Amino acid sequence: MTLELQPQDFSMRAQKWWTPERLKKLMGEKNYIITPISAPKLLRSLGLLNSDASMSPDSIKKFIQINHMFNLLEEHFVELIKRHKTVRILDAGCGKSYLTFLLAWCFKEKWQHPVEIIGVDTNTKLISECKQRAQNLGLDSILKFEIASLFTYKWDLEKRPNAVIALHACDTATDMALALAVKEKADFIAVAPCCQAELARKWKENNSNHPFSPVFHTPQVRREVAAQFTDMLRICLTRANGYEVTATEFVPSSHTPKNRLMTCVRRGNKLESAEKEFNAMKDHLGGASIILEELLQ
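Numbering (UniProt numbering), first residue to last: 1 to 297.
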């Protein structure tokens, strides 16, 4: 159910609840832009603040996670602001759109820079809730949501997206987001892969006398190892198509194993050495590839 915004006095309620001591306990030494003081209505709308402006333990984890990710990405969006009069962002597989709403809020309230953001997902209910939330927050003029599959979605705006983000887009949805971004020549891409199962499925069917056969036929190990190599193959392919790629941990592994953030900055020139690395790695893994290779051809 979509959360209703609180009356105008909710900001005052948050100011009273979040004393310096409570803020210190919440954030430690971290310098977060989005806080219960700076953006109480936004955090309430996202379900991270209770009606009395307090925050539950689960919400605290989510609050820290999205703020940390935002801090990792902020410099890239500041750079886009310097380069583009209007920054255009696509959130591929947006889900509940936590980061998308943070970005929209920052563009409007902090950076005061024109932006067009589109969130795309196949979940009709989530898209409806996101649309209502954007309207409630007064962000609907810059933040739009569409029901669409990444299999068929095409960027229809006159100018290309400057940034494409895909956070926890499951399995091959991450590959589709990367392929769309590369084909549209987006300046910046950020993906947090999730549930990388494609390569593991192919390994399961591999009955050859391969050095990795013990891995191929041990389910739990197969899934973990395949997820790591899937991301490495993605990195090689993205680098081969003209992007500088950095992989980093955006939350501690004790919180979730799905904690890899790949940031990609377009440099323009295709990197032949990265393509050779991809092909060599694929050969060593028994010839199995990932759908991203096909999508980029």
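In this text, a Cβ means the ideal position worked out from N, Cα and C, and glycines have one as well. All values reported here derive from a predicted model rather than from experimental measurement.
Pick from 97, 283 and 245 that is closest to residue 271, judged by C-alpha positions:
Residue mapping note: residue 271 aligns to position 271 of the sequence shown, counting from 1. Taking the Cα of residue 271 as reference, the smallest distance to any Cα among 97, 283 and 245 is reached at 245.
For residue 89, which residues of its own chain have a beta-carbon under 6 Å away from its beta-carbon, when the five flanking residues on both sides are left out?
Looking up residue 89 in the sequence shown gives position 89. Result list for residue 89: 117 and 163, in chain order.
Would you kindly work out how many angstroms separate the C-alpha atoms of residue 190 and residue 240, rounded to a whole number?
Looking up residue 190 in the sequence shown gives position 190. Looking up residue 240 in the sequence shown gives position 240. Their backbone Cα atoms lie some 17 Å apart in a straight line.
When you compare only the Cα positions, how much space is there between residue 284 and residue 211?
As a position in the sequence shown, residue 284 is number 284, starting the count at 1. As a position in the sequence shown, residue 211 is number 211, starting the count at 1. Between the alpha carbons of residue 284 and residue 211 lies a gap of roughly 9 Å.
Quick check on DSSP: helix, strand or coil for residue 288?
In the sequence shown, counting from the first residue as 1, residue 288 sits at position 288. Residue 288 sits in coil when the DSSP states are folded into three classes, being neither helix nor strand.
Expected contact under 8 Å - CB spacing of residue 233 and residue 176 to nearest Å
Here residue 233 refers to the residue found at position 233 of the sequence shown. Here residue 176 refers to the residue found at position 176 of the sequence shown. Between the beta-carbon of residue 233 and that of residue 176 there is about 15 Å, and that puts the pair past the 8 Å contact cut.
Own chain residues within Cβ distance below 7 Å of residue 112, not counting five before or after:
The count along the sequence shown starts at 1 and reaches residue 112 at position 112. Residues of the same chain with their beta carbon placed closer than 7 Å to that of residue 112 are lacking, with the five preceding and five following residues left out of the count.
With a threshold of 7 Å on Cβ separation, who are the neighbours of residue 80 within its own chain once the five nearest residues in sequence on each side are excluded?
Taking the sequence shown and counting its residues from 1, the one referred to as residue 80 is at position 80. Here the set comprises 87, 162, 163, 187 and 188.
Under a Cβ-count criterion, where at least 16 other Cβ atoms within 10 Å of its own Cβ denotes burial, should residue 156 be classed as buried or exposed?
Here residue 156 refers to the residue found at position 156 when the sequence shown is read from its first residue. Exposed.
Using alpha carbons as the reference points, say which of 24, 40 and 23 lies closest to residue 12.
Taking the first residue of the sequence shown as 1, we reach residue 12 at position 12. The shortest Cα separation from residue 12 among 24, 40 and 23 belongs to 40.
Taking a contact to mean a Cβ-Cβ separation below 9 Å, would you say residue 295 touches residue 192 in this structure?
Residue numbering aside, residue 295 sits at position 295 when the sequence shown is read from its first letter. Residue numbering aside, residue 192 sits at position 192 when the sequence shown is read from its first letter. In terms of Cβ geometry, residue 295 and residue 192 do not form a close pair [threshold 9 Å].
Using 8 Å as the cut-off, can you tell me whether the stretch 95-106 makes contact with the stretch 204-222, which would need three or more C-beta pairs spanning the two stretches below that distance?
Of all C-beta pairs linking the stretch 95-106 to the stretch 204-222, fewer than three are shorter than 8 Å, placing the two stretches out of contact.
Environment of residue 151 [buried if 16+ CB atoms lie within 10 Å]:
Here residue 151 refers to the residue found at position 151 of the sequence shown. Residue 151 counts as exposed, since fewer than 16 other C-beta atoms from the protein chains shown sit within 10 angstroms of its C-beta.
Note the first and the last residue of the continuous alpha helix (DSSP H) segment covering residue 159.
Within the sequence shown, residue 159 is the residue found at index 159, counting from 1. Neither: residue 159 is in no alpha helix (DSSP H) and is coded neither H nor E.
Between the C-alpha atoms of residue 202 and residue 103, what's the straight-line distance to the nearest angstrom?
As a first step, residue 202 must be located in the sequence shown, where it is residue number 202. As a first step, residue 103 must be located in the sequence shown, where it is residue number 103. It is roughly 37 Å from the alpha-carbon of residue 202 to the alpha-carbon of residue 103.
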